[in-house]
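Undergrad:
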Amino acid sequence: MVELLGVWPTFTKSIDRAGQLLTKIGSSWDLRTELTKSIQTSRMEEPEIAQPLSTAIQLALVDTLAELGVLPSLVAGHSSGEIAAAYCAKAISFEDAITVAYHRGRLASDLRKRVVDRPGSMLAVGAAPEVVDAKISELGDASKRLEIACYNSPSSVTVSGDDDAIVSLMEILNADEIFHRKLNTGGAAYHSHQMKMIEKEYFDSLEGIRAGVTDSSVIMVSSLTGNEIKETLIDRAYWVQNLVSPVQFAEATKKLCQTKSGYKRVNLILEVGPHSQMRAPIKQTLRTLRGDRDAHRSGYNLLATLFRRFSSFLAWLSMYSRFFWLVFFSVLHLTVQNVSSPFYYYFITQSNVIASIHERDSYTNYTLYIASEKPTTILKG
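Going by the numbering used here, the sequence shown opens with residue 3, and the numbers climb by one from there.
(1) Can you find the residues in the same chain that come closer than 8 angstroms, C-beta to C-beta, to residue 97, ignoring five residues on each side of it along the sequence?
(2) For residue 161 versus residue 113, is the C-beta distance shorter than 8 angstroms?
(3) How many whole angstroms separate the CB atoms of residue 188 and residue 48, which I take to be in contact at a CB cut-off of 8 angstroms?
(4) Kindly list the residues whose CB is nearer than 8 angstroms to the CB of residue 148, restricted to its own chain and excluding five residues on each side of it in sequence; keep chain order.
(5) Thinking just about the alpha-carbon of each residue, which of 186, 151, 135 and 154 is nearest to the one in residue 145?
(6) From the DSSP output, in three-state form, read off residue 46 for me.
(7) By alpha-carbon positions, which one of 185, 154 and 133 ends up nearest to residue 179?
(8) Mind checking which residues open and close the alpha helix (DSSP H) that includes residue 176?
(9) Is residue 235 buried or exposed, if buried means 16 or more other CB atoms sit within 10 Å of its CB?
(10) Does residue 32 pass the burial test, meaning 16 or more other C-beta atoms within 10 Å, or should it be called exposed?
(11) I want to check one thing, is the minimum distance from the CB of residue 215 to the heavy atoms of the ligand NAD below 7 angstroms?
(12) Report yes if the C-beta distance between residue 81 and residue 240 is below 8 angstroms; otherwise report no.
(13) Using only alpha-carbon positions, find the residue among 76, 182 and 246 that is nearest to residue 217.
(14) Between residue 204 and residue 106, how many whole angstroms is the CB-CB distance? I'm expecting something under 8 angstroms.
(15) Measure from the alpha carbon of residue 155 to the alpha carbon of each residue in 257, 29 and 9, then state which is nearest.
(16) In angstroms, rounded to a whole number, what distance separates the CA positions of residue 186 and residue 173?
(17) Rounding to the nearest angstrom, what Cα-Cα distance links residue 27 and residue 254 in this structure?
(18) Over the uninterrupted alpha helix (DSSP H) stretch that includes residue 83, give me the two end residues.
(19) Looking at C-alpha atoms only, which residue of 182, 210 and 88 is the closest neighbour of residue 230?
(20) Using the Cα positions of residue 78 and residue 143, report the straight-line distance between them to the nearest angstrom.
(21) With a 10 Å radius around its C-beta and 16 neighbouring C-beta atoms as the bar for buried, classify residue 118 as buried or exposed.
(22) Please return the same chain residues whose Cβ sits closer than 7 angstroms to the Cβ of residue 54, not counting the five positions on each side in sequence.
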């Protein structure tokens, strides 16, 4: 990701713009400095750094894609990724998007310092929601301190809550040989009861942002409700609920892929982020739409922009070239991996930036979907 700085002008300009805004808001750290620090000196494990930094990168990627002529018709986001999704849908300005992300991270870090005796954590679990709910209930009273925070796919969820309860759940999952992985959240338990403690402060801190209506040309699918948002007001109350409520990612994915923009449907999914971490959940969800067939054979093409341990600049160029050729052949009505109609969808995911720079496990909650029905615009620039 860092390799795009200074090489891709639009990306660099957006990052610098975000950095200036963060300084103006009151940030005590510099965006560029944090993005380029070594693992020994980095503070990116801290929510107050990771949240706004991740959103800044998302906005910069959106701006760069727009410069290349890739314009969204459908958008959706996972957790704080909805900030960038709303930016694509013109429901929030660049300035307000950075503000929302800054206070979200600041308050999450403040909360961690307040409840040092009860840290939070999150756990990715490779099982269906009903199975995970049953395992949580085995904890007895401790089950009240855990909840499913993210419904990622029909067979993948993220549990959030008090760290000691998470550890107890891990013991049960180990005994039953159910896949799970503790996520690096810097002590934050997003979308859990712990976030309720900063709910009012978060609402008050967003007093200055302007409520916006999604653009009539863009359909936004909310991962808060799992439903379509079109020409709907998105205000500070929405961003508070985005923090404290469960993420209906699987439902949003289904809705997005089933939604038509005009007469066209999605057939290409592009994941933009430090690694293709959401590829498996996406494919699991797509299988429920097309039976047991693999997503690759069901009319959906899955691409990713960046991969861990691989040059971000070269990965970006590779993605764009593959995307271009898929568009080119589809426009000519040729069959490329069962592409049957010229409608293109790209999926942007921004995991915690630690994953891209330091190659660690991280909380994959910064996700953004974008879809474009105008393939010919890619030929611009």
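Just so you know, even glycine gets a beta-carbon here, dropped at the ideal spot from N, CA and C.
TA: So, to answer that:
(1) Walking along the sequence shown from the start, residue 97 turns up at place 95. Excluding residues within five positions, the ones whose Cβ falls inside 8 angstroms are 23.
(2) Numbered from 1 along the sequence shown, position 159 holds the residue referred to as residue 161. Numbered from 1 along the sequence shown, position 111 holds the residue referred to as residue 113. In this structure, residue 113 does not lie closer than 8 angstroms to residue 161 by Cβ.
(3) The sequence position of residue 188 within the sequence shown is 186, counting from 1. The sequence position of residue 48 within the sequence shown is 46, counting from 1. Right, their Cβ atoms sit about 5 angstroms apart.
(4) Position 146 of the sequence shown, counted from the start, is the residue given in the question as residue 148. Correct list, in chain order: 138, 141, 161, 162, 163, 164, 167, 168, 171 and 194.
(5) Position 143 of the sequence shown, counted from the first residue, corresponds to residue 145. Ranking the options by Cα distance to residue 145, first place goes to 135.
(6) Working through the sequence shown from its first residue, we reach residue 46 at position 44. Three-state DSSP puts residue 46 in coil, outside helix and strand.
(7) Residue mapping note: residue 179 aligns to position 177 of the sequence shown, counting from 1. Answer by Cα proximity: 133.
(8) In the sequence shown, counting from the first residue as 1, residue 176 sits at position 174. Its alpha helix (DSSP H) spans residues 165 to 177.
(9) On the sequence shown, residue 235 is found 233 positions in, with the first residue counted as 1. Residue 235 should be labelled exposed.
(10) By one-based count along the sequence shown, residue 32 stands at place 30. Classification of residue 32: exposed, given that the 10 Å Cβ count is below 16.
(11) This structure lacks the ligand NAD, and indeed carries no ligand of any kind.
(12) Residue 81 sits at position 79 when you count from the first residue of the sequence shown. Residue 240 sits at position 238 when you count from the first residue of the sequence shown. No, these two residues do not count as a Cβ contact at 8 angstroms.
(13) By one-based count along the sequence shown, residue 217 stands at place 215. Out of 76, 182 and 246, 76 has the C-alpha closest to the C-alpha of residue 217.
(14) Here residue 204 refers to the residue found at position 202 when the sequence shown is read from its first residue. Here residue 106 refers to the residue found at position 104 when the sequence shown is read from its first residue. Sure, about 7 angstroms apart at Cβ, within 8 angstroms.
(15) For the purposes of this step, residue 155 is taken as residue 153 along the sequence shown, with counting starting at 1. Checked all of 257, 29 and 9; the closest Cα to residue 155 is 257.
(16) Residue numbering aside, residue 186 sits at position 184 when the sequence shown is read from its first letter. Residue numbering aside, residue 173 sits at position 171 when the sequence shown is read from its first letter. Near 18 angstroms, if we compare the C-alpha coordinates of residue 173 and residue 186.
(17) The count along the sequence shown starts at 1 and reaches residue 27 at position 25. The count along the sequence shown starts at 1 and reaches residue 254 at position 252. Computed Cα separation, rounded: 32 angstroms.
(18) On the sequence shown, position 81 is the one that residue 83 refers to. Its alpha helix (DSSP H) spans residues 83 to 90.
(19) Taking the first residue of the sequence shown as position 1, residue 230 is located at position 228. Answer by Cα proximity: 88.
(20) The count along the sequence shown starts at 1 and reaches residue 78 at position 76. The count along the sequence shown starts at 1 and reaches residue 143 at position 141. One C-alpha to the other measures close to 36 angstroms.
(21) What you label residue 118 is simply residue 116 of the sequence shown in a count that begins at 1. Exposed is the call here.
(22) Along the sequence shown, one-based indexing puts residue 54 at 52. Same-chain partners within the cutoff: 24, 100, 103, 104 and 107.
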